[in-house]
Amino acid sequence: MTGIDWVDSGIYIFNYIILAFAVSVMLSYIILALISATALKSYHKKNRFVNYNALLSLKGAPWISIVAPAYNEGVVIIESINSLLSINYNNFEVIVVNDGSSDNTMELLINAYQLEVTDRPLTSAIPSKKIKAVYKSSNPAFSKLLVIDKENGKKADAINAGINVSNMPYVVCIDVDCIMDKDVLLKLAKPFLEQHSKRIIATGGVVRIANSCVIKAGKLIKVNAPDNLVARAQVLEYLRAFLLGRMAWAKLDGLLLISGAFGMFDREIVVKAGGYDTNTVGEDMELVVRMRRYMIDSKLEYDVKYIPDPLCWTEAPESYEVLRKQRSRWTRGTMKTLWIHKKIMLNPKYKVIGMVSYPYWLLYEYLAPLLEFAGFLMSVLFVSLGILEWKFFLLLFAMVYAFSVMFSMMAIYTEEATFRRYTTFRDLNKLVAIAFLEPLFFHPFTVYAALKGNWEKMKGQKGWGEMSRKGFKTSS
Amino acid sequence: MCFVFFLTYYSRYRRIKKSRTKIYYQEIIDKVLFDLLFDEHTDPSTAAAIFKTKTQNHRIASKLGLKSLMVLHRNYSGQLRLKLESFYVQSGLSQYSFNKLNSRNWSKVVEGIRDLSTMNHQPAYKAISDQLRHPKLVVRSEAFIALVVLRGTEELQKLRNSDLYLDDWAQSNILYNLKQTPMKPPTHPQHLLESPNETIRLLAARLIEYYQMFQHTGAIENAIVTTGNNTLRNKLQIVLNRIKNEQP
Chain A
3 MTGIDWVDSG IYIFNYIILA FAVSVMLSYI ILALISATAL KSYHKKNRFV NYNALLSLKG
63 APWISIVAPA YNEGVVIIES INSLLSINYN NFEVIVVNDG SSDNTMELLI NAYQLEVTDR
123 PLTSAIPSKK IKAVYKSSNP AFSKLLVIDK ENGKKADAIN AGINVSNMPY VVCIDVDCIM
183 DKDVLLKLAK PFLEQHSKRI IATGGVVRIA NSCVIKAGKL IKVNAPDNLV ARAQVLEYLR
243 AFLLGRMAWA KLDGLLLISG AFGMFDREIV VKAGGYDTNT VGEDMELVVR MRRYMIDSKL
303 EYDVKYIPDP LCWTEAPESY EVLRKQRSRW TRGTMKTLWI HKKIMLNPKY KVIGMVSYPY
363 WLLYEYLAPL LEFAGFLMSV LFVSLGILEW KFFLLLFAMV YAFSVMFSMM AIYTEEATFR
423 RYTTFRDLNK LVAIAFLEPL FFHPFTVYAA LKGNWEKMKG QKGWGEMSRK GFKTSS
Chain B
108 MCFVFFLTYY SRYRRIKKSR TKIYYQEIID KVLFDLLFDE HTDPSTAAAI FKTKTQNHRI
168 ASKLGLKSLM VLHRNYSGQL RLKLESFYVQ SGLSQYSFNK LNSRNWSKVV EGIRDLSTMN
228 HQPAYKAISD QLRHPKLVVR SEAFIALVVL RGTEELQKLR NSDLYLDDWA QSNILYNLKQ
288 TPMKPPTHPQ HLLESPNETI RLLAARLIEY YQMFQHTGAI ENAIVTTGNN TLRNKLQIVL
348 NRIKNEQP
């Protein structure tokens, strides 16, 4: 140490703050993982003998609009829509919202589906940019398809337009380039059919990574662990988040986020809550928090459900630049949502979301990268001053690394014990290998991206950033 | 960390071993069931004896055998279906299903109820009726559905005073079974519409729609007027509107 009392005391306190933070993060992860394990077991027990096709016999099955915003998706739009139209369900329509694309998306749609302008009545329940026209197909084979052509207003605005045009009680909001399981609506609809005393306002599902998977005609044919290391690290990250995290939050009734790529909502509540916020880039989380607040403020009994089955597959960024933009955007979205809804922080009126979920998000999702970076800076400073307690530092590093690998292994084991999508030993080995590597290259990068997000937010940046995609590996 | 690591690989190893066992037994089962259905010289007792000898009542073989049997039972009718039902009893698989009813694991009980009703095993009627008193709602619902599958829609008259909450999911399962196992329509659906159980009233309306018994639309209209439950009223109204649209 330095021999200066106050500096030594400061270092001592700092060390223990970092240690306490690291231990509390690990403990919270373990607690969430245990709750998730129980919830997953219970879900499997309840659903392993369920015949989802039975729902096809019920004429009164919930009517669902799938709202898919599309901006410059000309390359994938036709295959994606064909895939959506072939979903195994009776009572649904697909609403594709062309959000002012500058490519040939609209032209392709008109030609492929023989679209004609329809006079379907429009509501303006939620504000959105001007709708130029609503199209329906003249071909009865595509009677479930509706296309909205509107002025560009970004994703949230496009979904709001889709919700306005929908006249069905439930809306499923998806990213148009995602690959959906053919039974996706059957599985999403089931909780709504079982609702009894509480109104189910939203159901979230698991999003998985489709990089290196084999896709044919918009259907997932074979699941592979990605070859690209960045994408493969995200597989682990998604497994941890969806299987060991969100499942627990759903069980605790504290789920704040339903992925923007895939979620089902009670349309009436979405409209009453005001629809998607077009001023944030984290509109998915913001909507769920607002819908929950609306229900609590209105003193209405409600529930948010979560389905752990892998129903939606998406392409993850493979380059650091795209990943950085995505994570930076997520950070800005989290900051904005936490700021908008600061009133619920530790407010007993909002029960679990106010007393547990919000503080957790603030501390472990938003502030964690900042604290990690502060710890890193202090370590560099101590090294340069020659006062670093190497024993303490190395022990802490080893503990955090070991925990990180163990937690990833728990996620892999959970996948292995439940859904078993990665069938070969090769894939398993690839995932295990990345569990050892990921804390060393991927996690530090996400911390950097989060810091960049904070910086961009301070500078007032609001955009999404260009998210170029490589496209799925297709099989002919 | 090491523990989870080995657990993951051990789990994968066991899975591969299990799938090999499954392949082995599935081949035997396919051969036995093919002979049972299409070989004139193989009667159910012969097929059952071969099945028992070759599988030694291995748990995986019983599971697979039952699964294959239920698929075939759904796909065939007449004499072939009767042969399958007879094989179900003589192979000991019906007993395997019965044993599930005594399980402390409620999901096993549900499985057992479903096996027995799918295979149209009438002697299970009493044992399944007893499950209407099971503490778990999901088991009671399954028992309710199974009794209808076993005895037809007339069974609903006996169950009309049941206090079981049949949510839309349970009702879709009942309707699905009506499609899978053609049954006669209930003779007095209007009595079901007077059930003290509101969910049974809704089911009755859906049965009227399913069987296109348009002469009973008046009874649904009455039920709409008399019910004090808004949710039920709305759902009945939706069914009624659909019936009116379908009416010639």
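One line per chain: the protein sequences are A and B, in this order. Number 478 marks the last residue of the first sequence (the numbering used here); no jumps. Number 355 marks the last residue of the second sequence (the numbering used here); no jumps. Built from N, CA and C at the ideal position, the CB exists for glycine as well.
Sixteen is the threshold: since fewer than 16 other Cβ atoms of the shown chains lie within 10 Å of the Cβ of G335/B, the residue is exposed.
For A39/A, the uninterrupted alpha helix (DSSP H) segment begins and ends at D7 to N49. T115/B reaches chain A at M411, I414, Y415, E418, L430 and V434, counting residues in chain order whose Cβ is nearer than 8 Å. Three or more beta-carbon pairs drawn from the region 107-114 of chain A and the region 67-76 of chain A are found closer than 8 Å, and the two stretches are therefore classed as touching.
Put simply, the region 306-322 of chain B touches the region 287-295 of chain B. At least three CB pairs are less than 8 Å apart. At a cut-off of 7 Å between beta-carbon atoms, S300/A makes no contact with chain B.
Around the CB of Q278/B, 16 or more other CB atoms lie within 10 Å, so the residue is classed as buried. Pairwise C-beta distances place the region 385-395 of chain A out of contact with the region 23-34 of chain A, as fewer than three of them are shorter than 8 Å.
In the displayed model, P312/A falls within a strand according to three-state DSSP. Residues of chain B with a Cβ closer than 8 Å to the Cβ of F427/A are, in chain order, R119. Relative to the Cα of R340/B, the nearest Cα in the group Q197/B, T306/B and V256/B belongs to T306/B.
In this structure, V358/A lies near G256/A, with their beta-carbon atoms less than 7 Å apart. Residue environment for L57/A: buried (at least 16 other C-beta atoms within 10 angstroms of its C-beta).
CA-CA distance, S224/B to E249/B, rounds to 10 Å. Looking at the DSSP output, A235/A shares a beta bridge with no other residue. For the pair of segments examined, the region 117-129 of chain B was found to touch the region 419-433 of chain A: the number of CB pairs separated by less than 8 Å reaches three.
Inter-residue distance for F409/A and L314/B is about 51 Å (C-alpha atoms, whole angstroms).
The C-alpha of H298/B is placed about 9 Å away from the C-alpha of A326/B. For K286/B, the nearest CB of chain A lies under 7 Å from its own CB, placing it at the interface with that chain. Residue pairing from DSSP places V306/A in a beta bridge opposite A204/A. With a minimum length of 4 residues, the unbroken runs of alpha helix (DSSP H) contained wholly in the region 271-328 of chain B fall at 275-287, 296-299 and 305-317.
Nearest CB-CB separation between S11/A and chain B: not below the 7 Å threshold. In the DSSP assignment, A135/A forms a beta bridge with D151/A. Counting the other CB atoms within 10 Å of its CB gives A163/A a total of 16 or more, which places it among the buried residues. Interface annotation, N280/B: in contact with chain A, CB-CB separation under 7 Å. In the structure shown, R331/A falls within a helical segment according to DSSP collapsed to helix, strand and coil. By the Cβ criterion, the region 168-185 of chain B is not in contact with the region 207-214 of chain B, since fewer than three pairs of Cβ atoms, one from each stretch, lie closer than 8 Å. Comparing C-alpha distances from S300/A to each of G356/A, P142/A, E320/A and K274/A shows the shortest one belongs to K274/A.
Residue pairing by DSSP puts L117/A in a beta bridge opposite S139/A. Think of a sphere of 7 Å around the beta carbon of A56/A: the chain B residues whose beta carbon falls inside it are S279, N280 and Y283, in chain order. When secondary structure is reduced to three states using DSSP, R122/B falls in the helix class.
The beta carbons of G206/A and Y308/A sit closer together than 7 Å. For M320/B, the closest Cβ of chain A is not nearer than 7 Å.
Unbroken alpha helix (DSSP H) stretches of 4 residues or longer found wholly inside the region 156-182 of chain A: 156-167, given in chain order. Its Cα nearest to that of H46/A, the residue T416/A stands out among T416/A, A451/A, K432/A and R201/A. M170/A is positioned such that its CB atom lies no closer than 7 Å to that of W332/A.
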